[in-house]
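Undergrad:
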C-alpha cells in the first residue's frame, strides 16, 4: 500500500487543522462564546451542523488516498513493489467494493435486470433479445418475486446492526456531553440516522444497486458519494484561497485610505465588472493548457484531475474576493473612525498593533458569515460550470458532471431519472444544511440582526 | 365552500373542452402544419461557412448541397454508391495526354496529363438573386460606389429586384479560380494545387494582385481550365488521378456567377454579413431565403431549377420499402424546408416525439451523443419502448464513409515496432478491447465493428467470413466472434508480459491513451479501464483539448491515439492512405494523416499502385494484400464505422439515408394532412396543472388573508 | 449631477483598459494565434500557409503587446492588443473568428435576451416583494418561520434543476407550451411563458428572503412604532411607511442589474434555445472564439459600470437628501 497525498488532500487537512485552531482561539473571547452558544443552542443549529459534519467526514475519508500494492510475480526483485495505478480511498474500503460492481449498462434502482435488451441465447440455444439479468444485483435470489422480502429482511438486519454501532459510537459522547446545556440529542439523533443509513447502504449495495447504474454500468449511489468530496472541498478551498486576498486588501484599503484605497477599489471594480462566467472559463482553459503542457508533473491520471480541481478552486477564489473585500473595506473605514482607534493613533500605537488588536477582530464576523454563505454558492456554481464545460475533470466524481449527463438521459422513454435524483438529493441536502446554518451564524454574529432580534 | 366548488369546476373544465383542441405547444407558426413545408432541426452550432470554396464540414454540406448543383452527383437509391451526371449532360470525357498535350491512346504509359471535358445541360439557371438584376441600360442595378448608398439593405430579402440567368461554362471556371485564390483560403488549395495544371502559378500571381473591392478572377489565367464554349469546359490535371471525378460531385466545383461575387463586394456589405459565405447563390433545387444562424435557416424551392426526375430504379428491396413510389416524379417535391436551431437534447427529442419535427438526423447523423440516448438499435432495427412504438417512427441507416479508430503509435518504444513480440502484444490489446460491447453501450448499436480500415459500401470492403480479422476474431455459427480473453492473456504472455507484468522486472504494463477531452466521457474511460483490467493491463488517459492533441499527434508524442476519418469519396485509396508511410507527420513534416506512423515498405509500394489503378478486381486484390499487412501488424487498437441515421415520422416519404451525398432533400415528400392530424392527436394539453397551480396559489393566500383579518380585528378589539 | 456622471464615465476608461488587458493576457496564453487558426480552419488539410493566411486576414500576424520591429509610437500601436482593443472603445467589435460581424450579431441578439430577461426581472421583483410583504405581516409567527425555511429550501435547489424540471413537467409531460424556441413574429408569448416562469420561481427563494430582511429592518424603526401607535392599519404601515423607506437598499440591489439585462441569462437561453446574448457567450466559450468573448467582456463591463452610475442617480430620485457631486 502506497499512500498518495494529492494536493487537495493536503490542503483540506491543513484547512481542517487551521479551522480547529481558529475556533479554539475564538473560544477565548467571551462574546464569541456567547454567539456560538446562540448558534448551537438551537435545535436547527445542532441538526444542520451535524449534517454538514457528516458530509465533511465523508469528504475527509475520501481524501485519505492510497494505491494498492500488486502481488509480486516470479522474477521480480525482492525489494521492489509495484502499485496499482488506480487510487483508492478509505471511503472506498468502507463501502466494500461498491464502486467495483459494474453492470453492462443502465439499470434501474433495485432492478434485477438490465435496462436495455441484449442478444442472448436461451436455454434451447436460440438467439433471443431480452433484458439480461444483472451481474451484481439479486444473484442470490431464487426467484425475482423474493426481492421485496429479501430487501425488507436485509434492511431489518442492517438497521439492527446500525443501532448497535450507533450505541457504541454515541456512548462516549453521551458520557462526555450529557451535562451540556446544548441540545445534543438532536445531533445524536442525526448521527444515529446517518449511521443506520450508512450500514443499510453498505449492506444492501452488496446485492443491489440502490440508485441503479449509469451508461457504463457504474453504480450511481457510489458516484453520488464520490461527489461529496468534490463539493465539500470546492466550497471550502475556494473560500480559503479568497479570504487572505480579500481581508488584506480590504483592511489595507479601509485603513490606509489614499492611493492604497484607490488601487484596491480599481482592482475590485475591474474584476467585478467582467462577467464572472467568462473570466472563470478563460482561467480554467488557461490552467488546462498548463497541465497539458506539463504532463510529467503528474504520475497518475487522478493527480492531473486534482491539479485541475485545485486550479478551479483557485480561480473561483480569485474571481470572487471582490464582494468580501468591499464589505471589509467599508467596515474598516467605519471602525477606523471610531474614538478608540483614533485614540490609539493619538497615543502613537503602531499600525500593526492597531490592525491586529482593534480592526481585525472586529471584521471577523463578516469573514465568518461570508465563509458559510459562499460555501453553498460554490457548491451550486460547480454544477453550472460543469454544464458550461469548464467544471471538474471527468476523472473526479462530481454532481455537476452527473447532472450534465443526466440531461440527455431524461429524453429516454421510459425516463432514466435515477442519476439526476442521486445528484440532486446529495446536493440539496448539503446546500440546504449549509444555508440554514449560515442563517443562524449570521443571526448570531451580525450586530444588526442581533439588535433586531432583541427589538423583536 | 363555494370557492372549493369553483376550483373543482375549474379542475374539471379541461376535460370538458380538451378534445380536438388545437395544440398549445406548437413551436411553428399557426397553420403551418398543413403546408408542404419540411420541418427539421440543425446542429447546435450554426454553419460557419456557406461559401462552396471554403466550407468543408458535413453540417454545412446539408445546406450547400441543396443550393448548389455540382457537375456530378450520386444516385439517390443505388448501393454501392454510384456516380451520375449532376449538372452535366453526360459523364465527363476523359482523355490522357502526353507532355506536349497530345491525346494518347488508351493504355499508354507516358501519361503526363489527364483532361476532363465537361458538357453542361442547357436548362441550368440560377436562382432569382439581386446580383442579376439589371437597370434599363443593362448594367447591374445594385452596384454601389460607397457604403452609404447600399446602407438601406441589411438582409438579402431587402433587395426588391431580382433576376436570373443561364449557367455558363465560364462560371465553373470562375469557381475553380476561386479555389486558387489565397485570399479566400479554400481547403482545396493545397490538394488541388498539386493536380490542376497552373493552379499553383495562379495562386502565386494572386498573392500580389492589387485588391480594391472585387477582383475579377476571370482576368487571370489558369492554364488547366479552358472554357470551350458556353456549355463546355475542360480541366487538365497532372498525371492521372482516377479519384478526381469524385471531387466533381462536391460543392467545390459548383458554378459561381462572377456577378454575385462582385455584388457581395459592394462597399459596406461585408459589415452586414452580406457575403457569399453567408448568402449562397446557386442553381440547385433550393435557395436560401432566411439565414438567421441563431434560430433558423429556411430553404425554398428554386423556381428556375433544371428538369430533374425521381430515379426509376434503385437498390434491391427499395421498391418493397416504398422508395420507388414516386419514380419519374418531377423534383423537388417539397416547397420549403425549415431548419430550426436546437440546442438541448431534451427539447430536441421532445419536439420530435410531439411530431413538430418531421425527421431527425439531418445534421450530425444522431451518432456521437447527439441524441442517440433516446433509442437503441438492435440487429433487427429500431428498438423503442412501447410508449412511443405506435407513433410510426421509422429509421433508415446508412454507413458513413468514415471510420473512428484508436491507433498505436508504431514508433512507440513499448507498443510500437514490427517484431513478432510487439505484434502479439498489440493483438492481445486488440482482443481485450471488446468493440462490439463498446458500440452497444455507447453508440446504442449505431455502428459496425471494423475488421479493416475500409468501411462497407466502398470497393475493397469484404463481408462475411472472409472479411473478418483472423487475429482477433473467429467465424463461429455464421457470425464473427471475438477471440477469448484467455487467448489475449496467452498472447500477452508470449509478448513478454505474463498477466500484464514484465517478465524480467515484474513491472506492470501501463498503456497511455491520448484522447481529446471533449470526445470522451468518464463512463467511456472507466469502461476501457475495465476491459484492459481483465488482462491485467493498466490504462492511463492523457486527455487534452483538440489543439494540444493535434500538437501531440504531429510530433508523434503519443502511444495510443484516437482519431476519426470521414472520406470525401467512396474509394479505398481515401482510407488506405491513412497508413501510407510518407503520410506520417514525422516523415512529411506536414499535417499528415498517418498518425500511427506506420511505415512498411511493402505497404507503401502497394499503395502507390492502388492510387493510379482503375477500379476492378485487380485493384481489389491489391487492396486485400494491404489489408492483410495492416492486420498482421495490428496497427489500430480498434476501429468502427459509424452509422448515419434518419428517424422519420410516418408522414415522411423517400427518407433513404445516403452515406456520402447530402443533396437528397429534393427527393423528400410529405403528407401534411397526416402530420396535422398526428400533431393534434399527440399534443392535447393537460390543463389541470394550471388550475391546480391557481388553486394552490389561492389556497396559500386564503389562510393568510383570513388570519391577517383575524389579527387585525383582534388588535382593534384589544387596543 | 451632469458633471458627476461625466466624471464617473471618465473613471470607467481605466477600468475598461484593465478589463481588456486581463482578458487579452488570459486568452492569449490559452490560445496562441496559431491555435486559433487551427481550430477555426477545421481538421482536414490544414497547411502552415493556410494558418499564416488566416492570421494575416484576421489581424493576428502582429506581436502581442510590443512590436520590436516598428519604431516610435508604432511599436505600441502595431500590435494585436492595440489594434484589437482600441477599436472596442469606438464600439467597433470587428469580426468573429468565423467571419461574422459581431456588432450586427450583438444588435440582433440583444432583443431576444431582453424579451426574456425583462419580464423575468419585473415579474420577479413584483412577486418577491409581494411574498416578502406577506411574510413580514406575520413576522415572529410560525407562518414566518415556515416561509423562511421554504425560501431557504428553494434557494438550495440548483438553477439547473428548475430549468430541467420545468421543461420536463410543463412542456414534455403536460404539453402546455413549446419546450424551447423563440419567435419574434408569431405568438412570442408562447415561448416566453416557461423561461419567465422558471426564472421567477428560481428567484423567489433568495429574492423574497432578501426583501423580507430589508422590510424587517425598517419594520422595527421608531417611526413605524409611532404609526402603529397612531392606529394605522398594518397594510397602511407597510405600504405607506415601510416600503418607501426600504427603497434605498432595494435600489442598491436592483438598479445595478438593469443594464445587464441586455446580456441575458446564460443557462435559460441555452436551455430554451433563445437566440440571445447569453447563448452567444456560451457558444463563444465553447468554440473559444476570442473575438466574441473579448467583445462580450467589454460590453458586460460597460453595462456593469452603467448600472453603478444608474444606482447613484436613482438614489437622488428615491431620497432627496442624497446629492451627487
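Chains as they are written, first to last, in my numbering: chain F, 1 to 456; chain C, 1 to 719; chain G, 1 to 325.
Cβ atoms here follow ideal geometry from the backbone N, Cα and C, with glycine treated the same way.
Using a Cβ-Cβ cutoff of 7 Å, what residues of the segment 106 to 139 of chain G are near chain C? List them in chain order.
TA: The segment 106 to 139 of chain G vs chain C, Cβ under 7 Å: 109, 134, 137.
Undergrad: Does DSSP put residue 565 of chain C in a helix, in a strand, or in coil?
TA: Three-state DSSP puts residue 565 of chain C in a strand.
Undergrad: Do you know offhand how far residue 281 of chain F's Cα is from residue 187 of chain G's?
TA: Spanning the two alpha carbons is a distance of roughly 36 Å.
Undergrad: So, does the segment 189 to 206 of chain G touch the segment 302 to 320 of chain C, judging by three or more C-beta pairs under 8 Å?
TA: The segment 189 to 206 of chain G, when compared against the segment 302 to 320 of chain C, does not touch it at the 8 Å Cβ threshold.
Undergrad: Is DSSP giving residue 305 of chain C helix, strand or coil here?
TA: Coil at residue 305 of chain C, not helix or strand.
Undergrad: Once DSSP output is grouped into helix, strand and coil, what is the label at residue 595 of chain C?
TA: Coil at residue 595 of chain C, not helix or strand.
Undergrad: With 7 Å set as the bound, which would you pick, yes or no: does the beta-carbon of residue 147 of chain G sit closer than that to a beta-carbon of chain F?
TA: False, the Cβ-Cβ gap to chain F never drops below 7 Å.
Undergrad: Going by the C-beta, is residue 189 of chain G closer than 6 Å to any heavy atom of the ligand FAD?
TA: As presented, the structure is devoid of all ligands, the ligand FAD included, so that no description of it is given.
Undergrad: When you compare each of F:120, F:258, F:305 to residue 396 of chain F by their alpha carbons, which one comes out closest?
TA: Ranking the options by Cα distance to residue 396 of chain F, first place goes to F:305.
Undergrad: Nearest-angstrom Cα distance between residue 105 of chain C and residue 419 of chain C?
TA: Whole-angstrom Cα-Cα distance: 47 Å.
Undergrad: Is residue 645 of chain C helix, strand or coil when you go by DSSP?
TA: Here residue 645 of chain C sits in strand by DSSP.
Undergrad: Could you spell out where the beta strand (DSSP E) holding residue 543 of chain C opens and where it closes?
TA: Where residue 543 of chain C is concerned, the enclosing beta strand (DSSP E) stretches over 538 to 544.
Undergrad: Of all the CB atoms in chain F, is at least one closer than 7 Å to the CB of residue 538 of chain C?
TA: Yes - at least one Cβ of chain F is within 7 Å of the one on residue 538 of chain C.
Undergrad: Whole angstroms are fine: how far does the CA of residue 233 of chain C sit from the CA of residue 324 of chain C?
TA: Approximately 35 Å between the Cα atoms of the pair.
Undergrad: Within 7 Å of any Cβ in chain F, is that where the Cβ of residue 158 of chain G sits?
TA: Yes, because at least one Cβ of chain F sits closer than 7 Å to the Cβ of residue 158 of chain G.
Undergrad: Excluding the 5 residues flanking residue 289 of chain C on each side, which residues of the same chain have their C-beta closer than 6 Å to its C-beta?
TA: The answer, listed in chain order, is 298, 300.
Undergrad: What residues from chain F crowd round residue 507 of chain C, counting only those whose CB sits closer than 9 Å?
TA: Under the 9 Å cutoff, chain F gives 76, 80, 82.
Undergrad: Between the segment 671 to 694 of chain C and chain G, which residues of the former have CB atoms less than 9 Å from a CB of the latter, in chain order?
TA: Residues passing the 9 Å Cβ filter: 682, 683, 684, 685, 686, 687, 688, 689, 690.
Undergrad: According to the neighbour-count rule (16 or more other Cβ atoms, all chains shown, within 10 Å of its Cβ), is residue 399 of chain F buried or exposed?
TA: Per the 10 Å Cβ criterion, buried.
Undergrad: Check distances from the C-beta atoms of the segment 369 to 388 of chain F to those of chain G and list, in chain order, the residues that come in under 8 Å.
TA: Those would be 376, 380, 383, 384, 387, 388, in chain order.
Undergrad: By the three-class DSSP mapping on this structure, what secondary structure does residue 219 of chain F have?
TA: Here residue 219 of chain F sits in strand by DSSP.
Undergrad: If we count Cβ pairs, one from each stretch, closer than 8 Å, do we get three or more for the segment 316 to 336 of chain F versus the segment 259 to 272 of chain F?
TA: They touch, by the three-pair rule.
Undergrad: Considering only the alpha carbon of each residue, which of F:215, F:133, F:273, F:67 lies closest to residue 12 of chain G?
TA: Nearest option by C-alpha distance: F:273.
Undergrad: Could you check whether the Cβ of residue 411 of chain C sits closer than 7 Å to any Cβ belonging to chain F?
TA: Not one chain F Cβ lies under 7 Å of residue 411 of chain C.
Undergrad: So which residues of chain G does residue 283 of chain F contact, with C-beta pairs closer than 8 Å?
TA: Neighbours of residue 283 of chain F on chain G, chain order: 26.
Undergrad: Hey, quick one: how far does the beta strand (DSSP E) through residue 732 of chain C stretch, first residue to last?
TA: With chain C covering only 1 through 719, there is no way to say anything about residue 732 of chain C.
Undergrad: Taking all protein chains shown into account, do 16 or more other C-beta atoms lie within 10 angstroms of the C-beta of residue 597 of chain C, making it buried, or fewer, making it exposed?
TA: So residue 597 of chain C counts as buried.
Undergrad: What's the C-alpha gap between residue 23 of chain F and residue 335 of chain F?
TA: Going by the C-alpha atoms only, they are around 24 Å apart.
Undergrad: For a test of the three-state rule: what should DSSP assign to residue 370 of chain C, helix, strand or coil?
TA: Its pLDDT being 46, under 50, residue 370 of chain C is placed unreliably in this model, and the coordinates cannot settle the point.
Undergrad: Whose C-beta lies closer than 8 Å to the C-beta of residue 164 of chain C among residues of the same chain, with five residues either side of it excluded?
TA: Cβ within range, chain order: 125, 126, 127, 128, 129, 132, 304.
Undergrad: Is the CB of residue 268 of chain C under 7 Å away from at least one CB in chain G?
TA: Not closer than 7 Å to any Cβ of chain G, the Cβ of residue 268 of chain C fails to qualify, so no.
Undergrad: On the DSSP letters alone, give me the boundaries of the beta strand (DSSP E) that residue 84 of chain C sits inside.
TA: Run containing residue 84 of chain C: 83 to 85, per the beta strand (DSSP E) assignment.
Undergrad: Run through DSSP, which three-state label would residue 113 of chain C get?
TA: Residue state, collapsed to three classes: strand.
Undergrad: If we count the other Cβ atoms within 10 Å of its Cβ and call it buried at 16 or more, is residue 177 of chain G buried or exposed?
TA: Under this definition residue 177 of chain G is a buried residue.
Undergrad: Could you name the residues of chain F that residue 545 of chain C contacts, counting a contact when the two beta carbons are closer than 9 Å?
TA: Neighbours of residue 545 of chain C on chain F, chain order: 285, 288, 289, 292.
Undergrad: Could you run through the segment 265 to 282 of chain F and flag, in chain order, every residue whose CB is less than 9 Å away from some CB of chain G?
TA: So the list reads 266, 267, 269, 270, 271, 272, 273, 274, 275, 277, 278, 279, 281, 282, given in the order they occur along the chain.
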